[in-house]
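One point on numbering: in this note's numbering, the residue at position 161 of the sequence shown is 162, and numbering is uninterrupted.
The beta carbon of each residue, even a glycine, is placed where N, CA and C say it ideally should be.
Below you'll find the structure, written out as structure tokens, and then a few comments.
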Amino acid sequence: MGARQPLAWFAEAMRLWKRGPATFAALAFITILASVALDGVPVVGFIVGKVAAPLLATGMLFASLAADRGDRPQLKHALAAFATRPGAQAAVVLASFATFAVEAYAAWYLADVNLFAPPREGPNFSLEVIAGIYAAGVLASLPLTFVPFAAMFDGERASRAFGASARAFARNVPALALYGGLSFALLLLGLATMGVGLVLVLPWIAAASYAGWKDIFAVNTSPGTANVDRQ
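Below is the structure:
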């Protein structure tokens, strides 16, 4: 696959996003709100947030699938992951937690802050540290990019979902490196707007990952396709 192929993924992401920009923004806002609100609750909130937020985030993937099929993204897609197999949900949560663990290490290394037990008033990071944490998270997430699709759309077991995603990454490192770089740039853009822009860039990144999954795995997502209709 060409190293510049992610440019086409983001172009496709914009096409999908245009089918329901307000809904995509609402799905991103729900994810952000859940993460921020739950992280503010000591211990229990932290644990629940690390489970609920990544599952809610897959709503943007389900919305991308719907848009690709000619349907409208809907708010109910935020809860679509909770109707999938427990094993699929576990795969998504584990992939997200692995990324968070790398971000937590970056926070400890760069700012001596433990994200597993953050200060009650919240960590006060400089822009450089925030950028470093996000960069570490993006890099860590690249081999795991396609875990949610393999687990929730293809119905693979967790181990096979992780394996499929890792193999796809290994075979397409230049393309996924560009995808990661573009995603990182968009995240910085979202943060530069005091986080408001995240309701735009998160759906773009999610829809681009969906386009990448279709491209790399040569997936047919038309209505009636067996795998993606199992959910």
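Closest in alpha carbon position to PRO43, among ALA26, LEU116 and GLY60, is LEU116. With distances taken between CA atoms, GLY46 lies nearest to ALA118 out of THR222, ALA165, TRP18 and ALA118. Between PHE63 and HIS78, the gap from beta carbon to beta carbon is short of 8 Å.
Residue state for GLU157 is assigned as coil, using DSSP reduced to three classes. Inter-residue distance for ALA89 and GLU157 is about 8 Å (C-alpha atoms, whole angstroms). The closest CA to that of TRP10, considering only SER184, ALA105, ARG172 and VAL93, is found on SER184. LEU140 is not a Cβ neighbour of ALA4, given a cutoff of 8 Å.
Under the three-pair Cβ rule at 8 Å, the stretch 143-160 does not count as touching the stretch 186-201. Counting C-beta pairs closer than 8 Å gives three or more between the stretch 92-109 and the stretch 125-144, which meets the contact rule. In this structure, the straight-line span from the alpha carbon of TRP205 to that of VAL114 is close to 30 Å. Pairwise C-beta distances place the stretch 163-173 out of contact with the stretch 24-32, as fewer than three of them are shorter than 8 Å. In this structure, VAL94 sits near VAL52, with a CB-CB distance shorter than 8 Å. Looking from the CA of ALA165, the closest CA among SER65, ALA58 and TRP214 belongs to TRP214.
GLY71 has its alpha-carbon roughly 42 Å from the corresponding atom of PHE126. In the displayed model, THR100 falls within a helix according to three-state DSSP.
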